[in-house]
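Numbering (this note's numbering), first residue to last: 70 to 293. For each residue, glycine too, the CB sits at the ideal point set by N, CA and C. Written out below as structure tokens is the structure these notes cover.
Right under this line is the structure:
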């Protein structure tokens, strides 16, 4: 009879993905897989809302430069954090532990990031529920929000591989949908007229627009 010590470990539905240890070279993904995953992370409905907000309160060129500067700020953060992650093979919270924050300090960093992302996850669930209610009104909004949250949680529990598979399917579909929507909308408007048109809503300053762009994904830039 085999001893308890030699018994195989019980199967788990959760994939750890080296959350508290250095990711070995053999377990790392290629740049294309990471790029697709990254695009899937930032191609959210919030980006459409952000674009609508900028277009409603800013002129075309003001919005263009606000988006450009905000994207540059995000890119600078992403590049520096990405280089550190690539060299060390550690996540943000563990890196914080070894760069001066210590065990308790890094726990606070992780807590702050986690709390901010809980709120963001709630917004995503609510927006998705509103869309699902419009398409399939068989469940109330709160029920669709719960279903969406459970499905996303189940995918994340399986780790990066599961999210990568989902991104491989949804990112191309998303690009096709966005391309179709852009073509349809621009076919009914003159581009020159849109560029010269004054904003329809209250004026939004350049600083505020840039802050909206950079702040909309700054936490994601730090942790990914």
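Distance, residue j Cα to residue i Cα
i	j	result
residue 87	residue 123	39 Å
residue 131	residue 275	7 Å
residue 233	residue 102	7 Å
residue 174	residue 236	33 Å
residue 195	residue 184	17 Å
residue 225	residue 261	44 Å
residue 251	residue 270	22 Å
residue 288	residue 147	10 Å
residue 70	residue 217	Low confidence applies to residue 70: its pLDDT is 47, below 50, so where it sits in the model is not reliable, and the reading given next is rough at best. Computed Cα separation, rounded: 46 Å.
residue 156	residue 141	22 Å
residue 231	residue 152	24 Å
residue 259	residue 249	17 Å
residue 277	residue 267	18 Å
residue 238	residue 245	12 Å
residue 79	residue 227	Because the pLDDT at residue 79 is just 49, under 50, the model does not fix this residue reliably, and the point stays unresolved.
residue 100	residue 91	18 Å
residue 284	residue 166	24 Å
residue 96	residue 154	14 Å
residue 205	residue 172	47 Å
residue 253	residue 199	23 Å
residue 104	residue 188	25 Å
residue 203	residue 119	21 Å
residue 186	residue 145	21 Å
residue 137	residue 117	16 Å
residue 72	residue 192	Summary for residue 72: the model assigns pLDDT 48, below 50, so the residue's position carries little reliability; its value from the coordinates is reported in the next sentence. Roughly 49 Å between the two C-alpha positions.
CB contact flag (residue i, residue j, <9 Å)
i	j	result
residue 158	residue 107	no
residue 168	residue 182	no
residue 139	residue 282	yes
residue 201	residue 208	yes
residue 129	residue 215	no
residue 177	residue 170	yes
residue 150	residue 291	yes
residue 110	residue 293	yes
residue 213	residue 197	yes
residue 279	residue 135	yes
residue 163	residue 273	no
residue 98	residue 229	yes
Nearest-angstrom Cβ-Cβ length linking residue i and residue j, presumed shorter than 8 Å
i	j	result
residue 112	residue 240	7 Å
residue 286	residue 143	6 Å
Extent of the continuous alpha helix (DSSP H) run through residue i
i	result
residue 147	129 to 157
residue 262	260 to 265
residue 238	229 to 255
residue 290	287 to 292
residue 205	Taken as a continuous stretch (DSSP letters only), residue 205 belongs to no alpha helix (DSSP H), as it is neither H nor E.
residue 122	114 to 126
residue 166	Residue 166 -> no alpha helix (DSSP H), and no H or E assigned at all.
residue 281	275 to 284
residue 108	100 to 111
Residue i CB to nearest heavy atom of the ligand MG below 8 Å
i	result
residue 199	Questions concerning the ligand MG fall outside what the structure shown contains, since it holds no ligand whatsoever.
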